[in-house]
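Enquirer:
If you want it as structure tokens, here you go:
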């Protein structure tokens, strides 16, 4: 009886070892198949990239320029492509704002791109895009009619935002802002379409510009062509410099509203 039970127990142990051996062998076989399969898939001569497709609006960049930009990064195995490197090469082109890259089964690569949208000229030779980033582009169809902005390094986004804010205020008074400069001394110089220049300090300039816009619409609109510059950097008024060479002092500007000076309205 005891011998029979011992034999049965030994048989069960043997069967367990056999099953474990079969399972281990199966796992090793699967791993070998996966390893050989992965090696075959990732060999450079297998699954080569066949086509690179560019998707976007071709306005300032050409498909040939894009192809040249990525030609040294799109090669070899489809699965081993460095998509980040392709993206970086495309976005390095001056006219490209952003790009995205993905594999397209079975052997193609899709590159989607967005061109820069220029919002203003920046300094003498650069431009600002819609986010205020400085870009340096060239071409025959550059929008030279865009406003001219300038400022110290790193101020592009701020200058563009202030240009938009100032423009809305001046438009309400029938004035058009064409040029905006933030000087190294941190003062604003606003060039208007009628030839007038406005000067403001950098901190909280909007209230003073709004006050000037109200006064201009009420008293100075008919004399806009005779005004050379208006200095708005005063607490309670502004000084007017006329094309004739005469100037209204800040004190006159506060106390007298007329052809030579204006109060705060």
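Numbering (the working numbering), first residue to last: 2 to 266.
In this text, a Cβ means the ideal position worked out from N, Cα and C, and glycines have one as well.
Looking at the strands, I want to know which residues DSSP matches up with residue 113.
Expert: What you label residue 113 is simply residue 112 of the chain shown in a count that begins at 1. 56 and 101, per the DSSP bridge assignment.
Enquirer: Kindly indicate which three-state DSSP category residue 207 falls into: helix, strand or coil?
Expert: Looking up residue 207 in the chain shown gives position 206. Residue state, collapsed to three classes: helix.
Enquirer: From residue 207 to residue 200, what does the alpha carbon distance come to, in whole angstroms?
Expert: Here residue 207 corresponds to residue number 206 of the chain shown, with the count starting at 1. Here residue 200 corresponds to residue number 199 of the chain shown, with the count starting at 1. Going by the C-alpha atoms only, they are around 12 angstroms apart.
Enquirer: Who are the Cβ neighbours of residue 54 in its own chain at under 8 angstroms, not counting the five residues just before and after it?
Expert: Numbered from its first residue, the chain shown carries residue 54 at position 53. Around residue 54: 105, 109, 110, 111 and 112.
Enquirer: Report all residues from its chain with a CB closer than 7 angstroms to the CB of residue 209; omit the five preceding and five following residues, and keep chain order.
Expert: Along the chain shown, read from residue 1 onward, the residue named residue 209 stands at position 208. Cβ neighbours of residue 209 beyond the five flanking positions: 201 and 233.
Enquirer: Are residue 61 and residue 116 close, meaning C-beta to C-beta below 7 angstroms?
Expert: Within the chain shown, residue 61 is the residue found at index 60, counting from 1. Within the chain shown, residue 116 is the residue found at index 115, counting from 1. Yes.
Enquirer: Out of curiosity, what's the CA-to-CA distance linking residue 76 and residue 138?
Expert: As a first step, residue 76 must be located in the chain shown, where it is residue number 75. As a first step, residue 138 must be located in the chain shown, where it is residue number 137. Distance between the alpha carbons of residue 76 and residue 138 is about 29 angstroms.
Enquirer: Can you give me the C-alpha to C-alpha distance between residue 98 and residue 88, rounded to a whole angstrom?
Expert: Taking the chain shown and counting its residues from 1, one reaches residue 98 at position 97. Taking the chain shown and counting its residues from 1, one reaches residue 88 at position 87. In a straight line, the C-alpha of residue 98 is about 11 angstroms away from that of residue 88.
Enquirer: Classify residue 52 as buried or exposed, calling it buried when 16 or more other Cβ atoms lie within 10 Å of its own Cβ.
Expert: In the chain shown, residue 52 corresponds to position 51, counting from 1. Exposed: under 16 other Cβ atoms inside 10 Å.
Enquirer: I need the boundaries of the alpha helix (DSSP H) containing residue 232, first residue and last residue.
Expert: If you number the chain shown from 1, residue 232 lands on position 231. Per DSSP, residue 232 belongs to no alpha helix (DSSP H); it is in the beta strand (DSSP E), 228-232.
Enquirer: Find out if the Cβ-Cβ distance for the pair residue 203, residue 187 is shorter than 7 angstroms.
Expert: Taking the chain shown and counting its residues from 1, the one referred to as residue 203 is at position 202. Taking the chain shown and counting its residues from 1, the one referred to as residue 187 is at position 186. Closer than 7 angstroms, so yes.
Enquirer: Please go through the same chain and pick out, in chain order, the residues whose beta-carbon is closer than 7 angstroms to the beta-carbon of residue 124, but skip the five residues on each side of it.
Expert: Numbered from its first residue, the chain shown carries residue 124 at position 123. Only 151 meet the Cβ criterion.
Enquirer: With the cut-off set at 7 angstroms, would you say residue 183 and residue 156 are in Cβ contact?
Expert: Numbered from its first residue, the chain shown carries residue 183 at position 182. Numbered from its first residue, the chain shown carries residue 156 at position 155. Yes. Within cutoff.
Enquirer: Please confirm whether residue 149 and residue 122 have their CB atoms less than 7 angstroms apart.
Expert: Position 148 of the chain shown holds residue 149. Position 121 of the chain shown holds residue 122. A contact, by the Cβ cut-off of 7 angstroms.
Enquirer: By Cβ distance, which residues of its chain are closer than 6 angstroms to residue 174, with the 5 residues on each side in sequence left out?
Expert: The residue labelled residue 174 in the question sits at position 173 within the chain shown. Closer than 6 angstroms at Cβ, skipping near neighbours: 214, 217 and 218.
Enquirer: In the DSSP output, what is residue 145 paired with across the bridge?
Expert: Locating residue 145 in the chain shown gives position 144, where the first residue counts as 1. BP columns for residue 145 are empty, so no partner.
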